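Numbering (my numbering), first residue to last: 1 to 198.
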């Protein structure tokens with residue numbers, strides 16, 4: 001039997017060498033460089049979908065509130081912000097000279113002689129990469145829709161809200177028909193999971 005002297009034995013090294021660590025960091029860097037843009041696009045598309053769903057919910061809420069508000073209608077106010085910093089939609093009671101503006105703070109001012117009441121508001125800061133804007137044939141007053149108890153919406157025709165992502169250019173439309181039903185659709189197939197707009 002051959003005996004190896006104790007001084008010649010090399011102990012087994014545990015852990016990671018510097019070269020292995022550098023290779024791992026380089027591989028992770030490449031993977032992150034590929035994944036981050038895709039993740040940013042995914043997050044923006046999620047924000048677009050969330051904004052479209054919230055707008056649809058606000059429109060449903062307005063219809064339900066008009067039907068349960070003892071015959072008093074409500075107003076959907078979707079004014080564009082003059083500074084382009086904010087996209088917003090508000091539901092207020094329809095009383096007197098409604099001075100409510102969804103982009104102001106407070107939304108309804110106290111000098112409104114008939115005290116229109118704010119029922120619901122959705123504000124989206126445009127710096128987050130997603131914004132929305134309303135388009136329609138405004139028949140009574142621009143950027144306002146009057147919703148009355150169990151009546152067709154006659155203050156606007158061909159109403160839609162276009163929700164757009166700044167980075168991807170993806171779009172969703174939230175359309176409102178005369179009886180108050182909403183539909184979310186994609187005009188250019190830029191958003192999966194939604195039907196095409198007619």
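For each residue, glycine too, the CB sits at the ideal point set by N, CA and C.
These numbers come from a predicted model, not from an experiment.
Item                                                                                                    : Value
Validate contact between the segment 57-76 and the segment 136-148 using beta carbons, cut 8 Å, 3 pairs : yes
Host beta strand (DSSP E) of residue 172 (start-end)                                                    : 171-176
3 or more residues per run - each beta strand (DSSP E) lying fully within the segment 48-135            : 74-77, 86-93, 118-125
Closest Cα partner of residue 129 within the set 171, 24, 192                                           : 171
Cβ pair residue 202, residue 48 closer than 8 Å                                                         : This structure cannot settle anything about residue 202, because the visible part of the chain is limited to 1 through 198.
Contact under 8 Å by Cβ, residue 178 with residue 152                                                   : yes
Inter-residue spacing [alpha-carbon to alpha-carbon] between residue 109 and residue 127                : 26 Å
Burial state of residue 124, where buried means 16 or more other Cβ atoms lie within 10 Å               : buried
Burial state of residue 176, where buried means 16 or more other Cβ atoms lie within 10 Å               : buried
Of the listed residues 156, 98, 132, nearest to residue 139 (C-alpha basis)                             : 156
Span of the beta strand (DSSP E) around residue 160                                                     : 156-165
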